[in-house]
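For the sequence shown, my numbering begins at 163 and goes up steadily by one.
Using N, Cα and C, we set each Cβ at its ideal position, and we do this for glycine too.
Contents: one structure, followed by commentary.
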Amino acid sequence: MSQLEDFFRYLTIEKQASAHTVNSYRLDLQQFVQLMANGDENFDSWQNFARDDARSYLQELHKLKLSKNSIARKLSSLRSFYRFMQQQGAVSANPFMRLPAQGHERKLPKVMSLNAIEQLISAVREHWLEQIRTGGAKNEELAAFASARDQALIEVIYSGGLRISEAMNMNFKDLDMLGGVIVVHGKGKKERLCALGRPARSALRNYLTLRRNRTADNSPAAAIFVNSNGSRLTPRSFQRNLKLYLAQAGLPPDLTPHKLRHSFATHLLDAGADLRSVQEMLGHANLGTTQIYTHVSTERLKEAYRKAHPRSDKKI
């Protein structure tokens, strides 16, 4: 499927899409071939598909009982692919244009309270102290290192509204402790400045002191967050530890690092920050993506009113 590979190269090289984005396109297009061309690995006859075929594909997706968001994303992948082929002169029309709009299911992000975040940070310390007491840690130095690192990670993600991948990709050249900012490399290779509050800077200083026992590499391109072997920490490793901390704190097990980012945005808006500033801090290309947090804030206000006001309407 040479045209597909050409498209993936275009996304990677010219559009500078992330590996995650390219993989999502790949899965969507492979599913299309599976459903509409019986999974033929050599299929390369995209010009044979017309508007009726696109409608048939849409019907197949509905039969799979996919969510509206999933269907909308898959149709967007096909539209982008056909748009690329039109530019290349490989097809004359885009059969996925002007299909019925699928709409989007707007699920409000789950947000942690400030108290819950503080509980989580305390749980990191408590977990590793318990590991030392029970012999679960190899030694006290390693436990102290892991505790300081994960506290710093939580503080940095919440302080700057980072994605977990952005935090893991931080290098020393990106960090300005004196200025209290970090350069974050976000989606689409876009850079933005994120703030480091006093607690985040304090936690980072503590962690970086202990990091020296794991690796002496503090060159500009060196990873800030490393594992016990001195290699860059992976999101999976931190997420695995996070489950332990949530259990220690008695918090819901479905909380993820991304909930810290949601909390960052919601808490800023609750405190009166303007939407455009929050958009810039989150690195959102579209203001509409950021607006979901205004709905979260509104719902939180309504819930507080319902619970506290003696004449509240329970159905507002």
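- The stretch 328-344 makes contact with the stretch 354-365; the number of CB pairs closer than 8 Å reaches 3 or more.
- Counting only residues of its own chain and dropping the five nearest sequence neighbours on each side, F334 has a CB closer than 8 Å to the CB of N380, S381, P382, A383, A384 and I386.
- Cβ contact annotation for Y187 (same chain, cutoff 6 Å, sequence separation greater than five): S239, in chain order.
- The C-beta distance from R354 to E442 rounds to 7 Å, short enough to fall under 8 Å.
- Between the alpha carbons of F243 and T371 lies a distance of about 49 Å.
- Collapsing the DSSP output to three states places V343 in a strand.
- Where R438 is concerned, the enclosing alpha helix (DSSP H) starts and stops at L437 to L444.
- Looking at G445, A305 and V195, the one whose alpha-carbon comes closest to that of H347 is G445.
- Per DSSP, reduced to three states, the secondary structure at A357 is strand.
- In the three-state scheme derived from DSSP, where H, G and I count as helix and E and B as strand, R394 is classed as strand.
- By the Cβ neighbour-count rule, N448 is exposed, with fewer than 16 other Cβ atoms within 10 Å of its own.
- Spanning the alpha carbons of L324 and R423 requires a straight line of approximately 6 Å.
- At the C-beta level, D206 and Q165 come within 8 Å of one another.
- The residues K236, in chain order, have a CB closer than 8 Å to that of Q193 in the same chain once the five nearest residues on each side in sequence are set aside.
- In this structure, F400 lies near D312, with their beta-carbon atoms less than 8 Å apart.
- Restricting attention to alpha helix (DSSP H) runs no shorter than 4 residues, the stretch 202-288 encloses them at 213-225 and 230-250, ordered along the chain.
- By the CB criterion at 8 Å, F246 and Y320 fall outside the cutoff.
- According to the DSSP assignment, L191 belongs to the alpha helix (DSSP H) that extends over A181 to M198.
- For L337, the pairing in a beta bridge is given by DSSP as I344.
- Put simply, the backbone Cα of R367 is about 37 Å away from that of N185.
- Nearest C-alpha to T456 among V318, L395, L431 and Q209: L431.
- Residue range E302 to G322 is occupied by the alpha helix (DSSP H) that includes D312.
- DSSP, reduced to helix, strand and coil, places A385 within a strand of the structure shown.
- Judged by DSSP in its simplified three-state form, G450 adopts helix.
- In this structure, DSSP gives D168 a helical state, which the three-state scheme calls helix.
- Around the beta carbon of E328, 16 or more other beta carbons lie within 10 angstroms, which makes this residue buried.
- Remark: C-beta atoms of T174 and V273 do not approach each other more closely than 8 Å.
- The residue among L220, M339, A285 and D168 with its C-alpha nearest the C-alpha of A409 is A285.
- In this structure, the straight-line span from the alpha carbon of K225 to that of S218 is close to 11 Å.
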